[in-house]
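Undergrad:
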Amino acid sequence: EAKKMARGSFRILDNASDSEVQSRLIVGSALRKAIQHSELLLFYQPQICVTTGKLHGVEALARWQHPVLGAVPPSRFIPIAEETGQIEAIGRWSIAEACQQLAQWDQLGIMVPVVSVNISAGHFASSELLQQIVDVLDAYNLTPDRLTIEITESVMMRQSSEALATLSAIRGIGVGLSLDDFGTGFSSLSRLSTLPLTELKIDRSFVMNFEENISSLIVTEAAITIGKRLGVRIVTEGVEDDSQEKMLRSMGCDVMQGYLFGRPMPPAALNTWIMERSLGKNGVMKENSRLK
Ligand code: C2E
Ligand code: MG
Ligand code: MG
Ligand code: MG
Numbered sequence: 449e450a451k452k453m454a455r456g457s458f459r460i461l462d463n464a465s466d467s468e469v470q471s472r473l474i475v476g477s478a479l480r481k482a483i484q485h486s487e488l489l490l491f492y493q494p495q496i497c498v499t500t501g502k503l504h505g506v507e508a509l510a511r512w513q514h515p516v517l518g519a520v521p522p523s524r525f526i527p528i529a530e531e532t533g534q535i536e537a538i539g540r541w542s543i544a545e546a547c548q549q550l551a552q553w554d555q556l557g558i559m560v561p562v563v564s565v566n567i568s569a570g571h572f573a574s575s576e577l578l579q580q581i582v583d584v585l586d587a588y589n590l591t592p593d594r595l596t597i598e599i600t601e602s603v604m605m606r607q608s609s610e611a612l613a614t615l616s617a618i619r620g621i622g623v624g625l626s627l628d629d630f631g632t633g634f635s636s637l638s639r640l641s642t643l644p645l646t647e648l649k650i651d652r653s654f655v656m657n658f659e660e661n662i663s664s665l666i667v668t669e670a671a672i673t674i675g676k677r678l679g680v681r682i683v684t685e686g687v688e689d690d691s692q693e694k695m696l697r698s699m700g701c702d703v704m705q706g707y708l709f710g711r712p713m714p715p716a717a718l719n720t721w722i723m724e725r726s727l728g729k730n731g732v733m734k735e736n737s738r739l740k
């Protein structure tokens, strides 16, 4: 019976047209075990400061390595975790895991200024999120400016007043707040100005379409203008080639993230990535070496 289930889940994961209900049940219960058996990992993707070329920070991105199913992407399990009430456990875990990793980098003398962690809307409804953050920062002896919380735009815009209070409290203790996937969630501009943000993160879909679609360029330019007026940092995700990089640089983007600089990677690979970038071609340390 268990074998049948496993085989079934394979088929269902590969083919979304199969029974979604069954798929959710299987993935949902496997996910519960994944959290217990530490099958979840965090990968880290570098974020580059445009003016200095130095590492601004890293985004922590969840990965699920299932013993039978293999690598399950977050697009497959995060929505299910949200529906099956497991997203709080994942959020709690990812904040702790990311902060532990940051403390470890500190100990190794590897300079990672800030880590960004994705937190789902459901978790903001919980009154415990703030205390969880405070406790983890305290446990790893990190100042609050070392952590940024990313929340998606669509979610931030339909938040309750309690969730908004949680956001303000998190910002109030000095943790960064980033509005992820900006441009896809139909923000009301007046609402936007009331959110306690430190960062706007322009969605990958706009950068992707620069060449084919003039409106993507216009939206990105407008988003950057709005961000500057709000006094927040502008981050773009999904930067894959030089022409996108050049364009974003000329538009005044502050921080870039994308395959051009580095993919999401395990902590050890990021160590290597950082060391290789800080060394010149002949192994000589370069002041201000441009990270490209
Ligand atoms: P996101 O937060 O917008 O993360 C950016 C996504 O874009 C990541 O996908 C990243 O791997 C991908 N990406 C970055 N640069 C490039 C690029 O140059 N080209 C392309 N094609 N893709 C790029 P990933 O890791 O599959 O994560 C997908 C989404 O899943 C994330 O989108 C986030 O919304 C969610 N997610 C991931 N980890 C977590 C987590 O721990 N908790 C929660 N609640 N959500 C998470
Ligand atoms: Mg994100
Ligand atoms: Mg994003
Ligand atoms: Mg995105």
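Counting in UniProt numbering, the sequence shown tops out at residue 740, every number present.
For every residue, glycine included, the Cβ atom is placed at its ideal position computed from N, Cα and C.
#1: Could you check which residue in GLU647, CYS701, LEU678 has the C-alpha nearest to that of SER638?
#2: May I ask which residues mark the beginning and end of the alpha helix (DSSP H) holding HIS571?
#3: Three or more C-beta pairs closer than 8 Å, one from the segment 706-725 and one from the segment 677-694: is that the case here?
#4: At which residue ranges does the segment 634-704 contain complete beta strand (DSSP E) runs of 3 or more residues, listed in the order of the chain?
#5: Under a Cβ-count criterion, where at least 16 other Cβ atoms within 10 Å of its own Cβ denotes burial, should VAL516 be classed as buried or exposed?
#6: Alpha carbons only, please: which of ILE496, SER471, ALA478 is nearest the one belonging to CYS685?
#7: Tell me MET559's beta-bridge partners as DSSP assigns them.
#8: Express the C-alpha separation of SER664 and MET559 in angstroms, rounding to a whole number.
#9: Between HIS485 and ALA573, what straight-line distance do the alpha-carbon atoms span, to the nearest angstrom?
#10: Go ahead and pull the three-state DSSP assignment for ASN589.
#11: On the DSSP letters alone, give me the boundaries of the beta strand (DSSP E) that VAL520 sits inside.
#12: Can you give the Cα-Cα distance for MET453 and GLU536, rounded to whole angstroms?
#13: Check whether the Cβ of ASP593 sits closer than 7 Å to any heavy atom of ligand 3, and report yes or no.
#14: Less than 7 Å between the CB of residue 761 and some heavy atom of ligand 3, yes or no?
#15: Report back the beta-carbon spacing between LEU578 and THR614 to the nearest angstrom; my notes put them in contact at under 8 Å.
TA: In terms of the structure at hand:
#1: It is LEU678.
#2: 569-572
#3: yes
#4: 647-650, 681-684
#5: exposed
#6: A quick correction: the sequence has Glu, not Cys, at residue 685. That would be ILE496, whose Cα lies nearest to the Cα of GLU685.
#7: According to DSSP, which records beta bridges pairwise, MET559 is partnered with nothing at all.
#8: Between the C-alpha atoms of MET559 and SER664 there is a straight-line separation of about 34 Å.
#9: 26 Å
#10: In the structure shown, the three-state DSSP call for ASN589 is coil.
#11: For VAL520, the uninterrupted beta strand (DSSP E) segment begins and ends at 518-520.
#12: Low confidence applies to MET453: its pLDDT is 48, below 50, so where it sits in the model is not reliable, and the reading given next is rough at best. Going from the Cα of MET453 to the Cα of GLU536 covers about 26 Å.
#13: no
#14: Not covered by the structure: residue 761. The range shown for the chain is 449 to 740.
#15: Separation of the CB atoms of LEU578 and THR614 is rounded to 6 Å, and the pair is thereby assigned contact status at 8 Å.
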